[in-house]
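*Asks:*
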Amino acid sequence: MLAFLLLAVTAVPAAAEPQVSLTSHVSVVRIKAGRSGTPVRSLEEPKLVTPGDRLLFTLDYSNNSGKPADHFVVSDPVPSGVIFAGEESKGAEVSVDSGKSFGPLDTLKVVDADGKRRAARPSDVTHVRWTFARAVAAGERGELRFEAIVK
Amino acid sequence: MIRNRIAAGVSLAALIFGTATPANAAGTTAGSNIVNNVTVDFKVGGVSQNQISASNSLVVDRKVNLTVAEVGNATTSVSPGQSAAVTTFSVTNSSNATLDFALAATNRSGGTAAHGGTDNFDVSNIKMYVDTNSNGVYDAGTDQQVTYLDQVAADAVVTVFVVADVPLGRSTGDVAGVRLTATAADGSTAGSQGAVLTQTAGANTAAMDTVFADTNANGNTANDGIGFAEDDYTVLGANVAATKTSRVVSDPINGTTNPKMIPGATVEYCIAVANGSGSATATNVVVTDPLPAQTTYDSTFGIKVNGTVTGATCNADGVAGGSFAGTTVTGTIASLLAADTRTVVFRVTIN
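Same order as they appear, the protein sequences are chains A and L. Per the working numbering: the first sequence ends with 151, consecutive numbering throughout. Per the working numbering: the second sequence ends with 502, consecutive numbering throughout.
#1: Check whether the Cβ atoms of GLY370(L) and VAL215(L) lie closer than 8 angstroms to each other.
#2: Contact criterion: CB-CB distance below 8 angstroms. Does ALA119(A) meet it with respect to chain L?
#3: Can you confirm whether GLY86(A), when its beta carbon is compared against all beta carbons of chain L, has any partner nearer than 8 angstroms?
#4: If we call anything under 8 angstroms between Cβ atoms a contact, is ASP282(L) one with VAL73(A)?
#5: Which residue comes first and which comes last in the beta strand (DSSP E) that contains ILE83(A)?
#6: Name the two residues that bound the continuous beta strand (DSSP E) containing GLN504(L).
#7: Report the CB separation of ASP365(L) from ALA327(L) in whole angstroms; it is logged as a contact under 8 angstroms.
#8: Is any beta-carbon of chain A found at less than 8 angstroms from that of GLN350(L)?
#9: Tell me whether SER123(A) sits in a helix, a strand or coil according to DSSP, three-state version.
#10: List in chain order: all unbroken beta strand (DSSP E) runs of 3+ residues lying wholly within the stretch 373–443 of chain L.
#11: I want to verify the contact list: residues of chain L whose CB lies under 8 angstroms from the CB of SER42(A), in sequence order.
#12: Taking only beta-carbon positions, decide if LYS194(L) is within less than 8 angstroms of chain A.
#13: Can we say the stretch 393–400 of chain L touches the stretch 266–280 of chain L, given the rule of at least three CB pairs closer than 8 angstroms?
#14: Between the beta-carbon of GLU140(A) and the beta-carbon of ASN63(A), is there less than 8 angstroms?
#15: Let me confirm a value: THR293(L) is counted as buried when at least 16 other C-beta atoms fall within 10 Å, else exposed. Which label applies?
#16: For ALA335(L), count neighbouring C-beta atoms within 10 Å of its own C-beta (all shown protein chains included) and say buried if the count is 16 or more, exposed if not.
#17: By the criterion of Cβ-Cβ separation under 7 angstroms, what are the contact partners of SER24(A) in chain L?
#18: Could you check what DSSP says for ASN369(L) in three-state terms: helix, strand or coil?
#19: Cutting at 7 angstroms between CB atoms, please list the residues of its own chain near PRO441(L), excluding the five before and the five after it.
#20: Can you find a CB in chain B that lies within less than 8 angstroms of the CB of GLY178(L)?
#21: What are the uninterrupted segments assigned as alpha helix (DSSP H) that are 4 or more residues long and contained completely in the stretch 25–97 of chain A, given in chain order?
#22: Name the two residues that bound the continuous beta strand (DSSP E) containing ARG145(A).
#23: With distances taken Cα to Cα, identify the nearest neighbour of ASP306(L) among ALA248(L), GLY261(L), GLY267(L), GLY338(L).
#24: Under a three-way DSSP split, which group does ASP337(L) fall into?
#25: First and last residue of the beta strand (DSSP E) that includes ASN207(L)?
#26: Assuming the contact rule is C-beta atoms closer than 8 angstroms, THR356(L) and LEU348(L) should be a hit. Round their C-beta distance to whole Å, please.
#27: Consult DSSP for ASP316(L) and reduce its assignment to one of helix, strand or coil.
#28: Give the interface partners of HIS71(A) over in chain L, defined as CB-CB distance under 8 angstroms, in chain order.
#29: Can you pull the chain A residues whose beta carbon is under 7 angstroms from the beta carbon of ALA357(L), in chain order?
#30: So with Cβ pairs under 8 angstroms, would you call SER36(A) a contact of chain L?
#31: Among VAL94(A), LYS100(A), SER65(A), which residue has its Cα nearest to the Cα of GLY196(L)?
#32: Considering only the beta carbon of each residue, do VAL424(L) and ILE501(L) sit closer than 8 angstroms?
#33: Here's the rule I'm using: 16 or more other beta-carbon atoms within 10 Å means buried, otherwise exposed. How should GLY52(A) be labelled?
#34: Against chain L, does SER75(A) count as a neighbour if the rule is that its beta carbon must be under 8 angstroms from one of theirs?
#35: Let's test the definition: count the other Cβ atoms within 10 Å of the Cβ of ASN367(L) and tell me whether it reaches 16, buried, or not, exposed.
#36: Name the chain L residues that come within less than 7 angstroms of VAL20(A), Cβ to Cβ?
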């Protein structure tokens, strides 16, 4: 009788793709007069950027893990040098106190330099984030956006 | 694109406070990076996974803007021959970068000057000074003479004095216009003027580019990195004229009744000095008068200065002053206002 040697070969996993991929991209929003005089909005690569310019930030995500990803939270502190200008993708919450707390902008208040309390404005926003209510399915991709103006 | 339903609003029983931050008028400093950092946290199978992050960065370009303005809203009133007469300007750097500014101060050639007069002469020996002690006033010896402004910060305003000499021989109402021109230059190096800036031509780059955003204020060209403003000097001279009159006071025969001009008679001379209306005050007006031949100075009467006139008559209200030496009478009127007349009076006897 011949004995068979069974060699157990452990599968070495291929170099792991990140479970979730995330990219951040910025474009400059240019508004020009169109042929009929109505303003036309176009996006440019951010090569010429000066104070006052409007920037569009796009955050692309993709769930490559092969499984649903839940408690999915995308956070983005407003970069220094720009003022938050809204137009954020649906479902965002913002913070006006450096990320300590979040909520819809129209419910938030700030204290002014002269001690007066007032409704928070887009220019007060320090952070924006999206907390997904349901899991992101395997293979699902999406894009989140917001705009800001160069100080 | 799949729409994701996101968590409903957070309960806000407590008000959330933040503080508003002021904005810098010139904007984010040129050359700085705007860096966006985004993170995602998630669970798979109920287990928290490593946080994923991404970032990207872009460079803020240099937006050049400057304003030169006249300070004081009025001409500088000067006398003919005045030295170091001052006109005042301000230079504002509203760029988003620290810059040097090359300066030039030049005479206007004719035309309407800054405050409405017609330019008809030039000032000379023009120099520029920065207001080193920031008191708004030109202080010779303290304020530093300059040919450029060194490292003016974004949003800073610098006061510059243009100082020049006024020639003699000008009349009241003459005007000399001057212009101060500032040209944006690189401000990286302290103590020496940087290269004059040029706008980035051709394709925009990923590095810091330069854009000219200056206006055409005061008639200068927009978008060229140069600004200027004008001011002017207006002459206010003193228009002084002297008239000499005499009267016989007494003679040895008639006394003071219809006295005649005979040997031994006393004659009074009055030199009336008048300053035109609208003139500057004339100061230190020195009157010299040699005695006529064949007369002798009356030292008992002496010299009376600063008397007044009524019509053509010299009033006897001068005060003792002046001096007599050799054969010359000298009297000084300290201050002669516009439209005023003052006198130097003395007496002689006919030999």
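Virtual Cβ for every residue (Gly too), placed ideally from N, Cα, C.
*Replies:* Result, derived from the coordinates:
#1: no
#2: So, not an interface residue.
#3: no
#4: By the CB criterion at 8 angstroms, ASP282(L) and VAL73(A) fall outside the cutoff.
#5: Taken as a continuous stretch (DSSP letters only), the beta strand (DSSP E) holding ILE83(A) covers 82–84.
#6: Residue 504(L) is absent from the model: chain L starts at 152 and stops at 502.
#7: In fact, because the Cβ distance is near 27 angstroms, the residues do not count as touching under 8 angstroms.
#8: no
#9: Looking at SER123(A) - three-state DSSP - the assignment turns out to be helix.
#10: 377–386, 391–401, 417–426, 433–441
#11: Correct list: empty, because the minimum Cβ distance to chain L is about 15 angstroms.
#12: yes
#13: no
#14: yes
#15: exposed
#16: Buried, because 16 or more other Cβ atoms sit within 10 Å of the Cβ of ALA335(L).
#17: Against SER24(A), the close residues of chain L are ASN187, VAL189, ALA205, SER206, ASN207, in the order they occur along the chain (beta-carbon pairs closer than 7 angstroms).
#18: helix
#19: THR478, THR479
#20: This model lacks chain B altogether, as its protein chains are A and L.
#21: none
#22: Counting along the chain, the beta strand (DSSP E) containing ARG145(A) begins and ends at 141–150.
#23: ALA248(L)
#24: strand
#25: 203–210
#26: The C-beta separation of THR356(L) from LEU348(L) comes to about 15 angstroms, leaving the pair out of contact by the 8 angstroms criterion.
#27: strand
#28: ASP192, PHE193, LYS194, SER199
#29: LYS47
#30: no
#31: For GLY196(L), the nearest C-alpha among the options comes from SER65(A).
#32: For VAL424(L) and ILE501(L), no; Cβs fall outside 8 angstroms.
#33: exposed
#34: yes
#35: exposed
#36: VAL191, PHE193, ILE203
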